[in-house]
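Heads up: the sequence lines are chains Y and A, in that order. Count along the first sequence starting at 1, add 1, and that's the number in the working numbering. Count along the second sequence starting at 1, add 136, and that's the number in the working numbering. Beta carbons: idealized from backbone N, C-alpha and C, even for Gly.
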Amino acid sequence: MRDVLLTTIRGLGFGSIYAMLAVSFVIIYKSSKVISFAQPALMLAGAVLVSYLAGPVGFYLAVPLAAIGIAALGLGLERTTIRPMIGRPVFVVAIITLGLDIAIRVVVNVFIGPDVRNVGDPWGLNTVDVAGLPVQERYIAMVVVLVVVVGALFAFFRYSRYGLAMRAASLDQETALVQGVSVGAMTALAWAMAGGLAAVAGAFVGAGGGVDQSTWVIALKALPAIIIGGLDSIEGAVVGGLLVGIVESFFASYQGEYLPWLGQNFSLVSPYVLLLVVLLVKPYGLFGTREVERV
Amino acid sequence: MTALENRPAERATPAPAKGRRPWGRPAMYTGYGQDMALLNTGAKKAALAVLLVVALLLPFVLEDELLRLLATGAVLAIGAIGLNLVTGYAGQVSLGHAFFLGIGAYTAAVVSGETGDEDLYGFGITFIPVWLLAGGAMAALVGLVVAPLASRLRGLYLAIVTLGLVFLGEHVFREWDAVTGGVGVGRPAADPVLFGVDLSRSTDAFSADQQMYLLMTALLVLFALLGRNIARSAIGRSFAAVRDRDIAAEVTGVDVRKAKRLAFVISGFYAGCAGALLYSISGYLDPSSFGLLVSVQFVAMVLIGGVATISGSIMGAFFIAILPRLTRELPEYLPFLSSSATEFPNVFQVETLLYGLLIVAFLIFEPRGLFGVWVRARNYWKSWPFSY
Chain Y
2 MRDVLLTTIR GLGFGSIYAM LAVSFVIIYK SSKVISFAQP ALMLAGAVLV
52 SYLAGPVGFY LAVPLAAIGI AALGLGLERT TIRPMIGRPV FVVAIITLGL
102 DIAIRVVVNV FIGPDVRNVG DPWGLNTVDV AGLPVQERYI AMVVVLVVVV
152 GALFAFFRYS RYGLAMRAAS LDQETALVQG VSVGAMTALA WAMAGGLAAV
202 AGAFVGAGGG VDQSTWVIAL KALPAIIIGG LDSIEGAVVG GLLVGIVESF
252 FASYQGEYLP WLGQNFSLVS PYVLLLVVLL VKPYGLFGTR EVERV
Chain A
137 MTALENRPAE RATPAPAKGR RPWGRPAMYT GYGQDMALLN TGAKKAALAV
187 LLVVALLLPF VLEDELLRLL ATGAVLAIGA IGLNLVTGYA GQVSLGHAFF
237 LGIGAYTAAV VSGETGDEDL YGFGITFIPV WLLAGGAMAA LVGLVVAPLA
287 SRLRGLYLAI VTLGLVFLGE HVFREWDAVT GGVGVGRPAA DPVLFGVDLS
337 RSTDAFSADQ QMYLLMTALL VLFALLGRNI ARSAIGRSFA AVRDRDIAAE
387 VTGVDVRKAK RLAFVISGFY AGCAGALLYS ISGYLDPSSF GLLVSVQFVA
437 MVLIGGVATI SGSIMGAFFI AILPRLTREL PEYLPFLSSS ATEFPNVFQV
487 ETLLYGLLIV AFLIFEPRGL FGVWVRARNY WKSWPFSY
């Protein structure tokens with residue numbers, strides 16, 4: 002029982018990271034109908050920025066600064082490469098982001114160097130006693146950050162003028178334009194928000210273990226999460242992210258014992274198995290909107 | 137009077153029979169068949185003949201190292217044609233090409249592998265057509281299994297699922313030691329033996345690289361011809377219909393599910409064959425060589441070469457194959473670049489950076505790829521000295 006609880010908590014911790022990344026994917030998808038394959042690079046860039054800033058200004062200040070920096074990067078990407086592609090097939094834009102991802106990661110890798118880079122988080126692998134369970138502090142921090150960030154996002158979309166404008170632009174661009182919403186500005190804002198979110202997620206990916214050149218793969222686990230949740234649903238992204246985290250954590254703890262024939266490190270690919278299973282049952286995810294085709 | 141009016145008008149000269157051009161009008165089509173012909177203009181016929189002659193003469197002119205590069209390019213072109221058939225013609229975005237490539241490579245390696253080895257499976261059949269077709273068929277079979285996903289999913293959903301396949305495939309390749317030899321160990325790739333001659337070993341007449349180059353070029357011609365014929369037949373037209381508007385295709389009587397299934401099977405077959413051949417050049421195959429980057433490279437070949445064109449796929453593949461060789465020459469001209477992987481900035485970083493930037497640049501500035509560049513150049517000279 003103790004093990005099950007600890008496994009669940011670990012799953013929720015990492016799941017929070019996936020959820021944050023998944024939300025960043027969904028924000029971009031809702032604004033430009035594109036899956037941004039550049040998110041892994043932005044996440045890694047965020048983590049590296051935090052690792053450089055944490056020394057001089059401390060971790061807690063470094064994270065928001067890095068988020069702002071990467072948000073600016075996201076803004077720049079949108080302006081230079083996504084904006085000119087308006088009206089072109091979404092697949093083409095998705096592949097452009099794939100190209101951006103490769104290019105940005107080369108640059109970021111130079112700053113990481115060959116070794117693991119510590120992001121300077123205050124938690125490390127320390128544990129704290131919660132109801133008799135030794136829970137790692139970083140998992141608690143991850144969940145808390147997810148709650149705060151997603152809570153803020155929901156409030157933003159629900160109550161602010163800009164949130165309303167973004168929702169309108171995502172619902173119907175032309176109608177939004179007629180109502181005086183600057184759709185271009187909303188798309189840019191979405192990319193900036195997604196960049197900032199990816200940077201925060203990156204900082205917490207590095208918490209405890211640091212980041213190296215292969216850490217970017219973690220961001221791709223948010224893809225099963227968004228597909229499971231449905232591409233255009235922020236709630237779905239959060240649920241999907243947590244689900245992916247928990248499934249992965251359970252496979253990591255128990256697969257070696259009960260399903261040894263699946264091989265070592267099966268937990269790393271278990272999100273993709275979950276993805277296939279969910280899609281075979283519900284092709285548009287758990288919370289996604291069904292595409293309706295007019296003939 | 138009416139009877140008279142209805143009589144067909146007398147013609148001064150009888151119309152040429154269907155499918156035959158009037159004398160002296162080489163560019164005039166008088167039948168649909170001529171328009172859809174494999175080589176529908178005289179220029180194409182001449183260009184192809186020249187290309188084939190050049191390709192045949194190259195092995196006697198170039199160094200072995202360059203021939204090996206070109207042989208790799210030819211194999212990549214086979215794979216790129218496969219991806220272009222499913223993604224370019226049928227519009228089904230696939231990021232899973234590396235997975236199919238791996239299946240083909242390992243099936244071929246197992247078929248041709250030595251018998252009697254306890255740790256590695258092997259059947260000892262080294263005859264090229266056997267392991268080539270086995271690799272292709274196995275990958276096609278997997279394509280058939282994956283295809284139902286494509287009938288349920290569209291666009292980016294499909295892209296992500298195929299991306300998931302790459303990760304699952306990598307996991308299987310890493311763990312299934314009896315087939316793949318395991319990470320860091322690997323296994324020998326399929327042995328290219330044709331009628332008792334091992335083409336990967338030099339013979340009296342030819343060096344190994346010359347033989348491999350000739351083999352791969354011949355196979356590329358074969359596969360390109362097959363691809364072009366698929367594209368211009370009813371199957372290819374049904375692919376295009378599904379890509380352009382699947383509901384309209386269904387209404388006009390195209391079986392959308394069947395078309396998608398066929399697209400994945402054919403693409404899988406091409407990828408499997410390409411995978412089987414690719415590693416028989418280097419002779420060795422490691423389970424970690426079928427990652428996402430390989431898929432991205434194939435996507436880059438298709439996009440840089442030209443979407444929904446066979447000749448574009450070939451151009452793109454050769455471009456991507458030659459790119460590393462070109463960047464390796466860079467340090468001579470740009471002294472701040474290092475050719476060692478541990479220093480910064482080095483040519484490997486430049487190479488990866490170029491993949492990314494080239495994809496972005498081509499998509500923004502020349503969406504039709506190298507094929508589009510060629511079309512522009514051709515049209516310029518066709519109407520020269522007028523602008524159109």
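Next item on the list: Could you tell me whether the stretch 199 to 219 of chain Y touches the stretch 134 to 150 of chain Y, where touching means 3 or more Cβ pairs closer than 8 Å?
Entry: With contact defined as three or more Cβ pairs closer than 8 Å, the stretch 199 to 219 of chain Y and the stretch 134 to 150 of chain Y are in contact.
Check: What residues in the stretch 479 to 495 of chain A bring their beta carbon closer than 8 Å to a beta carbon of chain Y?
Finding: For the stretch 479 to 495 of chain A, the beta-carbon criterion of a distance under 8 Å to any beta-carbon of chain Y is satisfied by F480, P481, Q485, T488, L489, Y491, G492, L493, L494, I495.
Notebook entry, point to check: Going along chain A, which residues have a C-beta under 7 Å from Y273 of chain Y?
Noted result: Those are G300, F303, L304, listed as they occur along chain A.
Check: So is T138 of chain A buried or exposed if we call it buried at 16+ other beta carbons inside 10 Å?
Finding: The predicted position of T138 of chain A is uncertain, since its pLDDT is 48 and thus under 50; a value taken from the coordinates is nonetheless stated next. A residue is called buried when at least 16 other Cβ atoms come within 10 angstroms of its Cβ; T138 of chain A does not meet this threshold and is exposed.
Check: Can you check whether the CB of G100 of chain Y is closer than 8 Å to the CB of G492 of chain A?
Finding: For G492 of chain A and G100 of chain Y, yes; Cβs fall inside 8 Å.
Notebook entry, point to check: Just curious, the beta strand (DSSP E) that D130 of chain Y is in, first and last residue?
Noted result: Run containing D130 of chain Y: 128 to 131, per the beta strand (DSSP E) assignment.
Checklist line | Of the residues Y:G59, Y:K34, Y:Y255, the one placed nearest W124 of chain Y, counting alpha carbons only | finding: Distance from the Cα of W124 of chain Y is smallest, within the candidate group Y:G59, Y:K34, Y:Y255, for Y:G59.
Next item on the list: With DSSP collapsed to three states, give me the class of D334 of chain A.
Entry: Residue state for D334 of chain A is assigned as strand, using DSSP reduced to three classes.
Check: Among residues of its own chain, excluding the 5 on either side of A444 of chain A, which ones have a beta-carbon nearer than 7 Å to its beta-carbon?
Finding: Close CB contacts of A444 of chain A within its chain, under the 7 Å cut and outside five residues either way in sequence, are with N220, G224, Y225 (chain order).
Note to self: Strictly under 8 Å for the Cβ-Cβ distance: is L289 of chain A near chain Y by that measure?
What the structure shows: Chain Y, which has a Cβ nearer than 8 Å to the Cβ of L289 of chain A, makes this yes.
Note to self: Let's see if you can read the secondary structure: which residues bound the beta strand (DSSP E) around P521 of chain A?
What the structure shows: It is not in any beta strand (DSSP E) - P521 of chain A carries neither H nor E in the DSSP assignment.
Next item on the list: Pick helix, strand or coil for L493 of chain A, following the three-state DSSP scheme.
Entry: Helix.
Checklist line | Residues that DSSP places opposite N137 of chain Y in a beta bridge | finding: The question names Asn, but residue 137 of chain Y in the sequence shown is Gln. In DSSP, Q137 of chain Y forms a bridge with Y:T128.
Next item on the list: Have a look at A:F455, A:V390, A:G408 and flag the residue whose alpha-carbon is nearest the alpha-carbon of G218 of chain A.
Entry: When each option's Cα is compared against that of G218 of chain A, the closest is A:G408.
Next item on the list: Could you please tell me which residues of the stretch 31 to 46 of chain Y, in chain order, have their CB closer than 7 Å to any CB of chain A?
Entry: Residues of the stretch 31 to 46 of chain Y with a C-beta atom less than 7 Å from some C-beta of chain A are I36, listed in chain order.
Note to self: For L140 of chain A and T166 of chain A, I'd like the C-alpha separation in whole angstroms.
What the structure shows: Any answer about L140 of chain A is weak, because its pLDDT of 48 lies below 50 and its placement is not dependable; what the coordinates show is given next. C-alpha separation (whole angstroms): 28 Å.
Margin query: Cutting at 8 Å between CB atoms, please list the residues of its own chain near A385 of chain A, excluding the five before and the five after it.
Written below: When the five nearest sequence neighbours on each side are left out, the beta carbons in the same chain lying within less than 8 Å of the beta carbon of A385 of chain A are those of S374, A377, V378, V392, A395, in order along the chain.
Next item on the list: Would you decide whether D102 of chain Y is buried or exposed? Buried here means 16 or more other CB atoms lie within 10 Å of its CB.
Entry: Of the other Cβ atoms in all chains shown, 16 or more fall within 10 Å of the Cβ of D102 of chain Y; this residue is therefore buried.
Next item on the list: Kindly list, in the order they appear in chain A, the residues whose Cβ is closer than 8 Å to that of L280 of chain Y.
Entry: Those within 8 Å of L280 of chain Y in chain A are L285, R288, L289, Y293, V297.
Note to self: Here's the rule: buried if 16 or more other CB atoms are within 10 angstroms of the residue's CB, otherwise exposed. What is S403 of chain A?
What the structure shows: The residue in question, S403 of chain A, is buried, as its Cβ has 16 or more Cβ neighbours within 10 Å.
Next item on the list: Identify whether V197 of chain A lies in helix, strand or coil by the three-state DSSP scheme.
Entry: Here V197 of chain A sits in coil by DSSP.
Next item on the list: Counting only runs of 3+ residues fully inside the stretch 208 to 272 of chain Y, write out the beta strand (DSSP E) ranges in chain order.
Entry: Taking only runs of at least 3 residues, no beta strand (DSSP E) segment lies wholly in the stretch 208 to 272 of chain Y.
Item checked: Endpoints, alpha helix (DSSP H) assigned at S287 of chain A -> Segment 264 to 288, the alpha helix (DSSP H) holding S287 of chain A.
Margin query: Does chain Y have any CB closer than 8 Å to the CB of E502 of chain A?
Written below: Residue contact check for E502 of chain A against chain Y: no CB pair falls below 8 Å.
Check: Can you check whether the CB of A276 of chain A is closer than 8 Å to the CB of V430 of chain A?
Finding: Not a contact, by the Cβ cut-off of 8 Å.
Notebook entry, point to check: Does any C-beta atom of chain A lie closer than 8 Å to the C-beta of V248 of chain Y?
Noted result: Not one chain A Cβ lies under 8 Å of V248 of chain Y.
Item checked: Chain-ordered neighbours of H307 of chain A on chain Y, where CB pairs are closer than 8 Å -> G264, N266, F267, L269, V270, listed in chain order.
Notebook entry, point to check: Which chain Y residues sit within Cβ distance under 9 Å of H351 of chain A?
Noted result: Per the sequence presented here, residue 351 of chain A reads as Leu, with His not at that position. Neighbours of L351 of chain A on chain Y: none; closest Cβ ~32 Å, over 9 Å.
Notebook entry, point to check: Could you give the residue range of the alpha helix (DSSP H) that holds Q433 of chain A?
Noted result: Judged by DSSP secondary structure, Q433 of chain A falls within the alpha helix (DSSP H) whose first and last residues are 428 to 441.
Next item on the list: Flag A23 of chain Y as yes if its beta-carbon sits less than 8 Å from any beta-carbon of chain A, otherwise no.
Entry: Judged by the 8 Å Cβ criterion, A23 of chain Y is not in contact with chain A.
Next item on the list: Anything in chain Y within Cβ reach of L470 of chain A, meaning under 8 Å, just list it in chain order.
Entry: Those do not exist, as L470 of chain A stays about 16 Å from chain Y at its closest Cβ, beyond 8 Å.
Next item on the list: Determine which residues of the stretch 187 to 220 of chain A have a Cβ less than 7 Å from any Cβ of chain Y, and write them out in chain order.
Entry: Within the stretch 187 to 220 of chain A, no residue has a Cβ that lies closer than 7 Å to any Cβ of chain Y.
Checklist line | Nearest-angstrom Cα separation, counted from T339 of chain A out to L299 of chain A | finding: If you draw a straight line from the Cα of L299 of chain A to the Cα of T339 of chain A, it is about 43 Å long.
Notebook entry, point to check: Taking Cβ-Cβ distances shorter than 8 Å, what residues in chain A pair up with V107 of chain Y?
Noted result: Those within 8 Å of V107 of chain Y in chain A are Q485, T488, L489, G492.
Next item on the list: Can you tell me which of the three DSSP states V329 of chain A falls into?
Entry: Strand, per DSSP.
Margin query: Please list, in chain order, the chain A residues whose beta carbon lies closer than 8 Å to that of T176 of chain Y.
Written below: Correct list: empty, because the minimum Cβ distance to chain A is about 23 Å.
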